[in-house]
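*Asks:* For the protein sequence lines, the chains are A and B, in the order given. Our numbering numbers the first residue of the first sequence as 1 and each following residue consecutively. Our numbering numbers the first residue of the second sequence as 1001 and each following residue consecutively. For every residue, glycine included, the Cβ atom is placed at its ideal position computed from N, Cα and C.
Protein chains: 2
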Amino acid sequence: MDTAPEKTAATLSDVAREAGVSLATASRSLNGSDRKVNESYRRRVLEAAERLGYIPNLFAQAVAKGSTMTVALLVADIADPYFSQIASGVINAAEEASLVTTIAVTGRNPQRELATVRELRGQRPRVMILAGSRSSDSEYEQQLLGELSAFEENGGHVAFISQNQPAFTTVQLENQAGAKALAEALVPLGYKKFAVITGPGNIRTGSERLRGFTEGLATHGVELDEESIIHASFTRDGGYEGAKELVRNGLDSVDLVFAVNDVMAVGAMSAIREAGFDPGVDIGVAGYDDIPTVRDVTPPLTTVRVPLEEVGRRALQLSFGSESVQQLATAAPVETKVVLRDSTPSRVR
Amino acid sequence: MDTAPEKTAATLSDVAREAGVSLATASRSLNGSDRKVNESYRRRVLEAAERLGYIPNLFAQAVAKGSTMTVALLVADIADPYFSQIASGVINAAEEASLVTTIAVTGRNPQRELATVRELRGQRPRVMILAGSRSSDSEYEQQLLGELSAFEENGGHVAFISQNQPAFTTVQLENQAGAKALAEALVPLGYKKFAVITGPGNIRTGSERLRGFTEGLATHGVELDEESIIHASFTRDGGYEGAKELVRNGLDSVDLVFAVNDVMAVGAMSAIREAGFDPGVDIGVAGYDDIPTVRDVTPPLTTVRVPLEEVGRRALQLSFGSESVQQLATAAPVETKVVLRDSTPSRVR
DNA sequence: CGTTACTTGGGAAGCGTTTTCCATTGAAAG
DNA sequence: CTTTCAATGGAAAACGCTTCCCAAGTAACG
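What follows is the structure in structure tokens.
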């Protein structure tokens, strides 16, 4: 049995001893301290560290300093492109600030989300970023908000993405305005009879987009009746099933289906196609988010672009900014923009 | 200015004092200790903790115990579905074992990868999982391997995904065998003239898949000439550009293009379509990985399924397993399977 | 009952750092 | 020459926890 030697990693005391200096001096030479240390000492320490392959223990540092290098990110599902893009932005921004990102997933389960937040607090992260799809289930919501307030009172920062969460820093995603703009861009193309596939009632992002869309239609005097709104799970399969239901209800009268996010829209398109309709020809389809893949489905999907990477980045920066910067940026929402593609060709003449 | 009170979080001593017991007893009642503590004491501690909103400081625990609760995951690009699915598996498995996952991205840059590994060591994670696309650039590779060995010598675990990295635990992805099987499934469908879009020469996953594919063709007496192999970046845009190049070189003689991963294949399909060809009709297209979106592109993409979530999960489990379990599982690669879809219809008769 | 053997609380050491505080030195100032 | 002060090294306290070790209490046993 080739049992490994398993000598534990070199510690700072090892380095100090090796260099023949005190612990204090070693610490000061290695980690950015304001205290000056004689160049010759510093060199000796650095060399000793090199020789021993010393790597400072981040956790011990955190304990000693009373502040950590971590930012915690909560997402519903990291495999969903929406979240993985946000994560990408957060991670990159964090690395630039030499912070470490830890990710936890909630699976859109409020109960689990609450539990996760609680556990995450144990990490004493500098920032906790909660991304999207917060449910509006009030029982848990209260507790969640309470937990987060406590976290902030102990010196942590919280940033929400997408929710308008008055008590905390938020990267506003303008779901309602974006969806409204989409509707207003669609009507002039000649679409008359709309259907919407949205998420479960308790998912805010979905409701907001639905509301905005309805509003946009109303502006043009188009009404969206109850039967054309169908609720499904917030995933690709949800979109697929939603469209199936739409088909069952008789798709013929419908002009255009708006799925409240791109993955749902993509699923819907597949279902529509399977039902023998030709998306983009027989019926328009639109999504929301502009995730990368929608350029590559056929036909390319009309959607509302939201710069997800940028959003993640911004969430991190915001949570560090001074009060005023936060106010400002919270006030100035991220730029969303309607992107018309072939899935919604013009129908006029 | 509504300056927050900013009382720092309750500590274990606070709890002990509040409950009127010693630190030791408090610790033992709260965190799973083997030592039994009198029920009445335990209750008092628990109540005190509740009252104070005490949450144990994970880092302090880690320092005290000399072992951490983190697993570090290194990916090239978290926004790439390939990696985000793996990440999903890792995170879920980690949470089940109540471990915290930290993610770092390397952007496929060997230099950055090396630096990241070095920094990650500072976290003293229980496990470090390096996912895919390791380059075979020997200069950095040596240093990387050295860094990892040092990490293991200090008691850490390392798991590779996809690479056959003899010195470390590895989740084998059978790239070569999978691609070979794909080729062997494709030839009988009547395809004769193949082209391959692969990654930069130094990305192993790409080379292995290319090699397997070539091998599979050879089995059936089909040869793949140098000009039909084009190198591009390992991303969607790489696939797109690669296909464009293929088109420029004259696509007419080509029957089927195999892109070594799905995102590339999807990009390639778009380029092919833009060039006026009809993928799946004029020309077959195949990818690799079976990421979720390929079901929803048109036509649905033929590919090789690799259960990415499962792979991530397994990577984590493996790195904890006993020696023998590791050997076994390292030996038993994860199951890959050719999935024929409409992008490669049969051409015979 | 007297011994021995468990239990179980608490004091204190220890984990790997940072940082406070003191002590020493040497130079500038009078 | 003293006196004062800015520099800079080191001893030790501190961070928030776990755990070793001891002592006191209780149970078991002959």
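#1: Using only the alpha-carbon positions, how far apart do phenylalanine 1168 of chain B and leucine 52 of chain A sit?
#2: How many Å lie between alanine 49 of chain A and valine 1117 of chain B at the Cα?
#3: How would you list, in chain order, the residues of chain A whose beta-carbon sits under 9 Å from the beta-carbon of alanine 1087 of chain B?
#4: Who pairs with glutamine 100 of chain A in a beta bridge, going by DSSP?
#5: Taking beta-carbon pairs under 8 Å, can you tell me which members of the region 1226-1253 of chain B lie near chain A?
#6: Report buried or exposed for leucine 23 of chain A, applying the criterion of at least 16 other Cβ atoms within 10 angstroms of its Cβ.
#7: Based on Cα-Cα distance, which residue from A:Arg126, A:Phe277, A:Ala19, A:Arg248 lies nearest to leucine 73 of chain A?
#8: So what does DSSP say about serine 29 of chain A, is it helix, strand or coil?
#9: Taking 8 Å as the threshold (beta carbon to beta carbon), is methionine 269 of chain A in contact with chain B?
#10: For serine 1346 of chain B, which option in B:Ala1315, B:Thr1336, B:Thr1302 has the closest C-alpha, if you only look at C-alpha atoms?
#11: Would you call glutamate 113 of chain A buried or exposed, if buried means 16 or more other Cβ atoms sit within 10 Å of its Cβ?
#12: Just grab the DSSP bridge partners of serine 1162 of chain B for me.
#13: Residues in the region 1049-1074 of chain B with C-beta within 7 Å of chain A's C-beta atoms, listed in sequence order?
#14: Evaluate the contact criterion for the region 81-100 of chain A versus the region 308-321 of chain A: three or more CB pairs, one atom per stretch, below 8 Å.
#15: Could you please give me the residues that DSSP links to histidine 1220 of chain B through a beta bridge?
#16: Quick one: is threonine 1293 of chain B near chain A, going by C-beta distance under 8 Å?
#17: Judging by CA-CA distance, which residue of B:Ala1016, B:Pro1056, B:Asp1290, B:Lys1065 is the nearest neighbour of arginine 1043 of chain B?
#18: Which same chain residues end up closer than 7 Å to alanine 10 of chain A when comparing Cβ atoms and leaving out the 5 residues on each side of it in sequence?
#19: Once you ignore the five residues that flank aspartate 2 of chain A on each side, which residues in its own chain have a CB closer than 6 Å to its CB?
#20: Does isoleucine 1161 of chain B come within less than 8 Å of chain A when only Cβ atoms are used?
#21: Under the rule that 16 or more other beta-carbon atoms within 10 Å means buried, what is alanine 4 of chain A, buried or exposed?
#22: Quick one: is isoleucine 1283 of chain B near chain A, going by C-beta distance under 8 Å?
#23: Going by other Cβ atoms of all chains shown within 10 Å of its Cβ, with 16 needed for buried, is alanine 1064 of chain B buried or exposed?
#24: Helix, strand or coil for arginine 1236 of chain B? Go by DSSP, reduced to three states.
#25: Output yes if chain A places a C-beta closer than 8 Å to the C-beta of arginine 1121 of chain B; else output no.
#26: DSSP three-state call for isoleucine 350 of chain A: helix, strand or coil?
#27: Any idea which residues DSSP pairs lysine 1065 of chain B with across the strands?
#28: For leucine 1037 of chain B, which residues from the same chain have a beta carbon less than 7 Å from its beta carbon, with the 5 sequence-adjacent residues on both sides left out?
#29: From arginine 341 of chain A to glycine 1206 of chain B, what does the alpha carbon distance come to, in whole angstroms?
#30: For serine 1228 of chain B and phenylalanine 1194 of chain B, which I take to be in contact (beta-carbon distance under 8 Å), what is that distance rounded to the nearest angstrom?
#31: Using alpha carbons as the reference points, say which of A:Ser253, A:Leu130, A:Val247, A:Glu184 lies closest to valine 222 of chain A.
#32: So the alpha helix (DSSP H) arginine 17 of chain A belongs to, where does it begin and stop?
#33: Taking C-alpha atoms, which residue in B:Val1263, B:Leu1251, B:Gly1250 lies nearest to tyrosine 1240 of chain B?
#34: Based on the DSSP output, what are the partners of glycine 284 of chain A in its beta bridges?
*Replies:* In terms of the structure at hand:
#1: If you take the alpha carbons of phenylalanine 1168 of chain B and leucine 52 of chain A, they lie about 23 Å apart.
#2: C-alpha separation (whole angstroms): 17 Å.
#3: Ordered by position in chain A, the residues that pass the 9 Å Cβ test against alanine 1087 of chain B are Ile78, Ala79, Ser84, Ala87, Ile103.
#4: One detail in the question is off: residue 100 of chain A reads as valine in this sequence, not glutamine. For valine 100 of chain A, which the question treats as bridged, DSSP gives the partners A:Thr70.
#5: Correct list: Arg1236.
#6: That one is exposed.
#7: Closest by alpha carbon: A:Arg126.
#8: DSSP places serine 29 of chain A in helix when its eight states are reduced to three.
#9: So yes, methionine 269 of chain A belongs to the interface.
#10: Comparing Cα positions, the closest option is B:Thr1302.
#11: Counting Cβ neighbours within 10 Å, glutamate 113 of chain A comes out buried, since at least 16 surround it.
#12: The bridge partners DSSP lists for serine 1162 of chain B are B:Gln1172.
#13: Residues Gly1053, Ile1055, Pro1056, Asn1057, Leu1058, Phe1059, Ala1060, Ala1062, Val1063, Thr1068.
#14: At 8 Å Cβ cutoff, the stretches touch.
#15: Note: histidine 1220 of chain B sits in no beta bridge, so no partner.
#16: With respect to chain A, the C-beta atom of threonine 1293 of chain B has a partner C-beta closer than 8 Å.
#17: Distance from the Cα of arginine 1043 of chain B is smallest, within the candidate group B:Ala1016, B:Pro1056, B:Asp1290, B:Lys1065, for B:Ala1016.
#18: These residues qualify, in order along the chain: Leu52, Gly53, Tyr54.
#19: With a pLDDT of only 42 at aspartate 2 of chain A, under 50, the local geometry of the prediction cannot be trusted, and the value read off the model is given with reservation. Contacts found: none.
#20: Chain A, which has no Cβ nearer than 8 Å to the Cβ of isoleucine 1161 of chain B, makes this no.
#21: Model confidence at alanine 4 of chain A stands at a pLDDT of 49, short of 50, so the residue's coordinates are unreliable; what they give is reported in the following sentence. Classification for alanine 4 of chain A: exposed.
#22: No - not a single Cβ of chain A is within 8 Å of the one on isoleucine 1283 of chain B.
#23: Exposed: under 16 other Cβ atoms inside 10 Å.
#24: Three-state result, arginine 1236 of chain B: helix.
#25: At least one chain A Cβ lies under 8 Å of arginine 1121 of chain B.
#26: What the structure shows of chain A is the stretch from 1 to 349, and residue 350 of chain A is not part of that stretch, so it cannot be assessed.
#27: As far as DSSP is concerned, lysine 1065 of chain B takes part in no beta bridge.
#28: First, the amino acid is wrong: residue 1037 of chain B is valine here, not leucine. Excluding positions up to five away in sequence, the list reads Thr1025, Arg1028, Ser1029.
#29: Within the model, the alpha-carbon separation for arginine 341 of chain A versus glycine 1206 of chain B is close to 33 Å.
#30: Serine 1228 of chain B to phenylalanine 1194 of chain B, Cβ: 6 Å. Contact.
#31: Taking only the C-alpha atoms, the option nearest valine 222 of chain A is A:Glu184.
#32: From DSSP, the alpha helix (DSSP H) with arginine 17 of chain A extends over 12-19.
#33: That would be B:Val1263, whose Cα lies nearest to the Cα of tyrosine 1240 of chain B.
#34: Beta-bridge partners of glycine 284 of chain A (DSSP): A:Leu256.
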